[in-house]
Amino acid sequence: MRIVHYLNQFFGGLGGEEHAGTALETRVGAVGPGKVLEQYFGGECQVMTTLICGDNYAVENQDAVIDLALEQIRVAKADLFVAGPCFLAGRYGMAAGALCVAVQNKLHIPAITAMAAENPGADLNREFMYIVDSGDNGAKMREVLARMAALAQKLMRGESIGSPGVEGYLSRGLIRDQFVERSAGQRLVDMVLKKFKGEAFESEMSPTQFASVPLPPAIDLASAKVMLVTDGGLVPKGNPDKIQGSAATRWGVYSIKDCQDLKGADYEISHGGYDPQFVRQDPDRLVPLDVMRDLEREGVIGHLHEEFISTSGLSNPLSNTRRMGREMAVRAKELGIDAIILTST
Amino acid sequence: MQLTLAYHPVNSIGFGERLSLAGTALTVSQEELRAIVLEEALIEAVDFVIAAPNDSLRAGPVFDIVEPRAKAPGASPDWPGILGPPQTAGSGMTHVLTGAAVTMLREDSSGDSRGATGYILEMSGAPAAGSHYSTLQHLIVVPHTRSNIPAAARQRAYRLAQLKIAVRLAQAAFAIAPARTEVFDNSDAETRAGLPRLAYIGQIFSRQRKPEADEHILYGADTDGMLPTLLHPNEWLDGALVPSYHASIGGAESYFYQNHPVILELYRRHQAGEINFIGAVATIASANNFDRERNTRFAANLAKWALRADAAVLTKFGGGVPHTDLSETARLLETMGVKTAVQVTDAARDHKVESALLFNFPEVDAIVCIGGNDTHWKLPQVERVIAANSGLAELLAGPIEIESHNVIGVANQQGASRLRSVVY
């Protein structure tokens with residue numbers, strides 16, 4: 001098996017920060033950590049080419065470095081691409097991660113790197129690849145290289161990869177299914193008893209901590225242009241935009257110009273997750289046009305935008321809702337909307 | 346409350362002149378069963394099909410699966426509140442045909458979030474390996490109702506016919522000594538100090554749908570207006586509960602009320618002297634926050650103050666919204682010093698951890714996650730497709746691509762699922 005290995009200027013033996021501007025260089029055979037790496041493959045693998053690049057150069061010229069590296073990897077007829085380990089070196093980690101992802105996507109061969117969880121290259125790339133958790137201690141180089149070799153061999157053989165804790169990689173934040181011996185009921189009782197006794201237990205899922213969204217500056221509501229947005233799936237009869245009732249990928253914009261009150265006969269609900277009978281009777285219960293018109297007349301708000309936006313939030317994954325939310329925000333900005341009332345179910 | 350289950354293993358079902366259980370061979374009379382089904386005036390005709398493990402057979406959409414059980418003569422009524430007066434279930438002897446099932450099909454798709462195929466019973470191949478139901482001997486009941494009757498009336502007829510057949514089959518065991526009996530009794534819980542006191546809190550319906558007016562869920566009641574209530578573990582096992590007609594938000598079958606995986610595991614631990622299984626609370630997932638605040642507090646208070654639980658396990662019914670009731674009940678219990686573990690379904694259609702949970706409480710950190718979004722099957726053509734009409738038969742004939750949730754039993758929410766999410 002043939003390996004191409006990527007190192008920064010320091011681990012590649014060029015020198016320290018003063019060489020961080022060095023452009024990508026190529027060496028035949030293994031250099032530095034690459035020699036140790038070969039040992040852990042038990043003679044099955046050989047480093048054909050070592051690519052060395054200064055950290056600043058790699059980050060500032062990422063696309064060009066990737067193109068050059070891909071070419072060298074092709075020429076070397078590599079079966080595996082290895083980058084690092086990078087430990088806490090941030091620019092090194094970002095370059096290594098970007099190179100590995102490009103190699104996987106363009107050359108369809110396995111790629112592996114290692115870095116500390118705190119390395120900015122980790123969060124940027126962990127979803128797309130296996131990154132061995134190197135910790136922040138460069139003295140553990142041999143141990144980290146051993147784990148990289150073990151995981152790389154599994155990837156090359158197409159074997160199933162165990163959990164992050166067992167294999168020693170940074171969790172990718174992804175989910176796969178597995179059939180297990182113990183039923184969910186048994187697992188539930190096992191888990192609560194461990195928790196009760198104060199023993200360690202492995203939850204099968206953990207909540208994600210989301211960054212808080214800062215409050216936007218206050219606006220003068222009496223002069224504000226307000227728009228209504230809902231994820232409750234209210235669409236005109238016939239569902240003209242074919243908004244899916246579950247995991248919707250589309251959203252629609254519907255006119256309420258000159259309309260004072262939404263009528264059930266004009267709308268339907270594309271959302272399978274709640275009892276829609278009350279909204280069917282009176283869509284204002286979901287998209288509160290009637291009270292917004294009152295507020296408009298009373299001068300509480302400046303005026304209500306003449307369209308509302310609708311989609312279905314049912315079983316909708318964040319990667320999808322985040323995209324739709326951004327699209328809606330762009331639309332609102334273009335329209336000069338000052339405030340949005342988002343109604344859900 | 347003491348319930349004795351008398352187990353009669355069944356290894357084959359065959360058609361014959363009269364109902365009988367000889368060894369492990371159950372013989373059923375189609376003529377007799379047809380007469381029972383046709384007592385429901387809305388059902389015009391009925392077919393019966395036998396399915397065994399590894400048969401190249403697919404049936405669907407499934408209305409419900411019921412284990413044949415009959416109360417011994419003189420005991421409480423079978424399926425109280427549905428087939429008899431709503432007297433307390435869970436005492437006395439019940440005869441059980443273990444390894445057998447009565448599987449009722451429906452004539453339309455359950456639709457909505459479960460897709461056009463509804464729930465499929467698959468007896469062979471990879472999907473079968475993921476469901477307990479493929480290990481059973483099934484008497485499949487294929488109903489044909491009169492046209493132009495309301496869906497709820499049709500489903501009520503399915504339910505009554507199915508339960509009556511299940512009871513009738515088990516009556517074949519009345520005169521026969523069971524292979525094994527098992528006693529369910531937790532009344533010693535109060536005398537065994539020092540063991541952790543565990544409670545079960547299970548959602549039996551979700552207000553994502555309105556129950557049909559005459560729908561049987563709890564002792565024949567449709568649960569409208571219901572508050573969380575204590576329900577003895579034996580009542581869950583012995584006919585107090587059936588799932589809603591709204592199968593599209595289900596993941597629950599009568600079979601796994603009768604063989605409730607959480608309750609059976611808690612009983613096993615109780616009998617092993619590891620815990621005191623002190624009882625169970627039946628609750629409802631709410632449609633709005635006002636009801637949610639009330640219901641979650643009632644459920645948590647019953648577990649804490651009526652059952653004096655040290656720890657509780659919680660399961661949900663239905664889709665996404667019930668996660669809020671589930672997690673809020675668990676959070677309230679944790680604030681009262683009751684340790685909890687909850688069972689959730691995987692909401693991450695993009696296979697990302699960030700999309701998987703619909704709550705985020707630091708205290709609610711013991712989570713069993715039934716997966717499913719990562720499991721799809723391409724079903725091959727099979728030798729026999731059983732469906733109530735030709736349109737459904739054509740749909741199910743295959744090859745057909747389906748999600749794990751569409752194979753009945755795979756993503757069961759009563760604790761039977763062996764599918765789990767693994768984070769990598």
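These protein sequence lines map, in sequence, to chains A and B. The first sequence begins at 1 in my numbering and counts up by one. The second sequence begins at 346 in my numbering and counts up by one. All C-beta atoms, glycine included, are put in the ideal place defined by N, C-alpha and C.
If we define contact as Cβ-Cβ less than 8 Å, is residue i a contact residue for chain A?
i: B:Gln553; result: yes
i: B:Pro606; result: yes
i: B:Val752; result: no
i: B:Val626; result: no
i: B:Lys723; result: no
i: B:His440; result: no
i: B:Thr720; result: yes
i: B:Leu611; result: yes
i: B:Ser599; result: no
i: B:Gln500; result: no
Is it true that the CB of residue j sits closer than 8 Å to the CB of residue i?
i: B:Ser766; j: B:His721; result: no
i: B:Gly760; j: A:Leu188; result: yes
i: B:Val687; j: B:Leu671; result: yes
i: A:Met48; j: A:Val4; result: yes
i: A:Glu85; j: A:Val28; result: For the sequence presented, residue 85 of chain A should be read as Pro rather than Glu. No, Cβ-Cβ distance for A:Pro85 and A:Val28 is not below 8 Å.
i: A:Gly185; j: A:Ser310; result: no
i: B:Ser762; j: A:Ser206; result: no
i: A:Ile161; j: A:Val132; result: no
i: A:Arg2; j: B:Asp719; result: no
i: B:Tyr590; j: B:Gln500; result: yes
i: B:Pro488; j: B:Val391; result: yes
i: A:Pro317; j: A:Ala247; result: yes
i: B:Ser357; j: B:Ala404; result: no
i: B:Thr685; j: B:Ala711; result: yes
i: A:Gly32; j: A:Gly16; result: no
i: B:Leu741; j: B:Thr462; result: yes
i: B:Val752; j: B:Pro472; result: yes
i: B:Ala756; j: B:Gly596; result: yes
Considering only C-alpha positions, which residue in the set the options is nearest to residue i?
i: A:Pro216; options: A:Glu143, A:Val103, A:Ile340; result: A:Ile340
i: B:Leu371; options: B:Val447, B:Pro418, B:Ala738; result: B:Val447
i: B:Gly368; options: B:Ala520, B:Gly716, B:Met571; result: B:Ala520
i: A:Val300; options: A:Glu204, A:Leu221, A:Gly173, A:Arg326; result: A:Leu221
i: B:Pro354; options: B:Ala397, B:Arg694, B:Ala524, B:Thr660; result: B:Ala524
i: B:Pro406; options: B:Ser454, B:Ala558, B:Trp424; result: B:Ser454
i: B:Gly539; options: B:Ile753, B:Ala517, B:His489, B:Asn621; result: B:Asn621
i: B:Gly547; options: B:Arg414, B:Ile510, B:Gly663; result: B:Gly663
i: B:Ile706; options: B:Cys714, B:Ile715, B:Val730, B:Thr674; result: Looking at the sequence shown, residue 706 of chain B is not Ile but Phe. Answer by Cα proximity: B:Thr674.
With 8 Å set as the bound, which would you pick, yes or no: does the beta-carbon of residue i sit closer than that to a beta-carbon of chain B?
i: A:Met191; result: yes
i: A:Gln186; result: yes
i: A:Thr50; result: no
i: A:Met205; result: yes
i: A:Asp177; result: yes
i: A:Ala247; result: yes
i: A:Tyr274; result: yes
i: A:Pro85; result: no
i: A:Ser310; result: no
i: A:Leu174; result: yes
i: A:Thr208; result: yes
i: A:Leu262; result: no
i: A:Gln153; result: no
i: A:Asn105; result: no
i: A:Ser270; result: no
Compare the C-beta of residue i against all C-beta atoms of chain D and say whether one is closer than 8 Å.
i: A:Asn61; result: The structure shown contains no chain D; the protein chains it does contain are A and B.
Quick one: is the Cβ of residue i within less than 7 Å of any heavy atom of the ligand MN?
i: B:Asp400; result: No copy of the ligand MN occurs in the structure displayed, which carries no ligand at all.
TODO: Would you mind listing the beta strand (DSSP E) stretches within the region 26-110 of chain A that are 3+ residues and don't spill past its ends, in chain order?
DONE: 46-53, 80-83
TODO: Any chance you could list the alpha helix (DSSP H) runs of at least 4 consecutive residues sitting entirely within the region 709-759 of chain B, in chain order?
DONE: 735-741
- [ ] Pair every Cβ in the region 421-441 of chain B with every Cβ in the region 476-489 of chain B, then say whether three or more of these pairs are closer than 8 Å.
- [x] no
Open item on the list: At 4 residues or longer, what runs of the alpha helix (DSSP H) sit wholly inside the region 186-218 of chain A?
Closed with: none
- [ ] Report the residue ranges of all alpha helix (DSSP H) runs contained in full by the region 278-328 of chain A; include only those spanning at least 4 residues, in chain order.
- [x] 289-298
- [ ] Spell out a yes or no on whether the region 148-157 of chain A and the region 50-68 of chain A are touching, meaning 3 or more CB-CB pairs, one atom from each, closer than 8 Å.
- [x] no
Open item on the list: Tell me whether the region 323-333 of chain A and the region 498-516 of chain B touch, counting them as touching only if at least three CB pairs, one residue from each stretch, are closer than 8 Å.
Closed with: no
Task: Whole runs of the beta strand (DSSP E) within the region 381-414 of chain B, excluding any shorter than 3 residues - done: 388-396, 402-404, 407-411
Open item on the list: At 4 residues or longer, what runs of the alpha helix (DSSP H) sit wholly inside the region 568-600 of chain B?
Closed with: 578-582
Open item on the list: Quick test of the definition: if touching needs 3 or more C-beta pairs under 8 Å, does the region 490-498 of chain B touch the region 544-562 of chain B?
Closed with: yes
Open item on the list: Give the list of continuous beta strand (DSSP E) stretches no shorter than 3 residues that lie fully inside the region 606-634 of chain B.
Closed with: 621-630
Open item on the list: My parser needs the beta strand (DSSP E) runs of 3 or more residues fully inside the region 501-553 of chain B; what are they?
Closed with: 525-529, 542-551
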